[in-house]
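Chains as they are written, first to last, in the numbering used here: chain A, 13 to 123; chain B, 0 to 113.
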């Protein structure tokens with residue numbers, strides 16, 4: 013079974029707007045990670061946030077983590093057409109050395 | 000190598016045949032993972048290798064699936080007597096260690112069983 017669930021399933025925005033994707037999970041975690049997938053092939057690691065962290069930034073990406081609510085959000089600021097992809101959250105549960113992936117959010121950024 | 004390499008990139012096979020999928024991880028990465036992804040779906044965990052430890056096979060869907068990792072490097076995923084429901088993209092990933100690191104994924108093998 014998949015632990016993470018992303019919301020929304022699909023998101024369509026204009027270039028320059030911000031995109032926010034949310035992820036909820038069910039059990040205690042060591043860390044939560046976000047990945048991007050283009051064209052249904054290999055995933056690219058974007059950012060990792062540990063369970064004792066609340067917020068992390070990387071370029072135009074901002075990730076927050078609320079362990080009390082078992083949720084995370086990914087914010088992409090000033091989006092570009094090249095950001096069009098599917099975005100997945102993945103959790104590493106405590107005592108489990110493998111990632112469990114959510115079902116993903118499909119982001120479409122129109123020029 | 001510079002990245003995770005998977006071969007073949009595409010495979011079409013007849014129902015009932017056996018297939019082998021190969022994964023060459025990043026040199027020095029001790030952890031190797033296999034996932035599969037059906038069309039429009041999330042990733043389903045299959046198997047995990049970490050160093051010389053016994054692999055975590057908890058995600059393998061049936062005894063038709065098996066995997067090995069030779070010399071702590073290259074891994075082969077074997078599917079025997081393929082079925083149409085095995086059609087998916089099979090993704091391999093490696094990481095520096097088994098916990099607390101991001102994964103580097105290969106481009107995947109698209110398997111189509113006809």
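Built from N, CA and C at the ideal position, the CB exists for glycine as well.
Just mark residue i as buried or exposed, buried being the case when its beta carbon has 16 or more other beta carbons within 10 Å.
i                      : result
residue 64 of chain A  : exposed
residue 13 of chain A  : Low confidence applies to residue 13 of chain A: its pLDDT is 45, below 50, so where it sits in the model is not reliable, and the reading given next is rough at best. By the 10 Å Cβ count, residue 13 of chain A comes out exposed.
residue 85 of chain B  : buried
residue 80 of chain B  : exposed
residue 49 of chain B  : buried
residue 110 of chain A : buried
Between the Cα of residue i and the Cα atoms of the options, which residue gives the shortest distance?
i                      : options                     : result
residue 87 of chain A  : A:81, A:43 and A:47         : A:47
residue 71 of chain B  : B:32, B:37 and B:102        : B:32
residue 121 of chain A : A:98, A:104, A:41 and A:42  : A:98
residue 96 of chain A  : A:123, A:83, A:82 and A:105 : A:123
residue 109 of chain B : A:17, A:21, A:54 and A:44   : A:54
residue 71 of chain A  : A:111, A:91, A:83 and A:34  : A:91
residue 27 of chain B  : B:112, B:58, B:3 and B:37   : B:3
Could you tell me which chain B residues have their CB closer than 7 Å to the CB of residue i, listed as they occur along the chain?
i                     : result
residue 45 of chain A : 101
residue 60 of chain A : 101
What does residue i touch in chain A if you count any residue whose Cβ is under 7 Å from its own?
i                      : result
residue 104 of chain B : 54 and 55
residue 64 of chain B  : Near residue 64 of chain B there are no residues of chain A at all, since even the closest Cβ is about 16 Å away, more than 7 Å.
With a Cβ-Cβ cutoff of 7 Å, do residue i and residue j count as a contact?
i                      : j                      : result
residue 63 of chain B  : residue 78 of chain B  : yes
residue 101 of chain B : residue 5 of chain B   : no
residue 107 of chain A : residue 18 of chain A  : no
residue 16 of chain A  : residue 105 of chain A : no
residue 77 of chain A  : residue 61 of chain A  : yes
residue 58 of chain B  : residue 88 of chain B  : no
residue 111 of chain B : residue 11 of chain B  : yes
residue 93 of chain A  : residue 27 of chain A  : yes
Find the residues of chain A that neighbour residue i, judging by a C-beta separation of less than 9 Å, and give them in chain order.
i                      : result
residue 90 of chain B  : 53, 54 and 55
residue 110 of chain B : What residue 110 of chain B touches in chain A: nothing, since even the nearest Cβ is about 13 Å away.
Taking Cβ-Cβ distances shorter than 8 Å, what residues in chain D pair up with residue i?
i                      : result
residue 112 of chain A : Absent from the structure: chain D. Protein chains present are A and B.
Starting from residue i, find everything on chain B with Cβ-Cβ shorter than 8 Å and list it in chain order.
i                      : result
residue 115 of chain A : 40 and 41
residue 104 of chain A : 98 and 99
Could you list which residues in chain B have their beta carbon closer than 9 Å to that of residue i, in chain order?
i                     : result
residue 42 of chain A : 98 and 99
Ordered list of beta strand (DSSP E) runs contained in the region 28 to 106 of chain A, each at least 3 residues: 31 to 36, 41 to 49, 55 to 62, 67 to 70, 73 to 78, 83 to 88 and 97 to 105
Start-end ranges of the beta strand (DSSP E) lying completely within the region 9 to 42 of chain B, minimum 3 residues: 9 to 12, 18 to 23 and 30 to 36
Continuous beta strand (DSSP E) assignments of at least 3 residues falling wholly in the region 57 to 106 of chain B: Taking 3 residues as the minimum length, the beta strand (DSSP E) runs contained wholly in the region 57 to 106 of chain B are 64 to 68, 74 to 78 and 87 to 94, in order along the chain.
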